[in-house]
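Report on one structure; see the data block that follows.
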Amino acid sequence: MFFGLAGIMLVPFLVPVLMPLFWFLAKCSFLLFVFIWIRATLPRFRYDQLMAFAWKGLFPVALLNLLITGFMVALTS
Numbered sequence: 002m003f004f005g006l007a008g009i010m011l012v013p014f015l016v017p018v019l020m021p022l023f024w025f026l027a028k029c030s031f032l033l034f035v036f037i038w039i040r041a042t043l044p045r046f047r048y049d050q051l052m053a054f055a056w057k058g059l060f061p062v063a064l065l066n067l068l069i070t071g072f073m074v075a076l077t078s
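Now the structure itself:
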């Protein structure tokens, strides 16, 4: 199989077509490997933990962001 691929690479007009395809597939395969690796390694959160984090952590930060943005827009206009 590898000799067949090497033989195809000897054809000059196929190299500009196959090399970008090879690198695209290599990058996609690497990213899929990393995503699956991270997903399998990290702990899975329960639904109630995610909701508690959203209400106690993200919601106050979002309100603060809204207030700061409103003040900045009011001061600069």
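In my numbering, the protein residues as written are 2 to 78.
We put the beta carbon where it would ideally sit given N, CA and C, even for glycine.
- Residue state for V12 is assigned as coil, using DSSP reduced to three classes.
- The three-state secondary structure of S78, taken from DSSP, is coil.
- Beyond the five residues adjoining it in sequence on each side, M52 comes within less than 6 Å, by CB distance, of no other residue in the same chain.
- DSSP places L68 within a helical segment (H, G or I) once states are collapsed to three.
- F36 carries a helical assignment under DSSP once its states are collapsed to helix, strand and coil.
- Linking L43 to A7 through their CA atoms gives a straight-line distance of about 40 Å.
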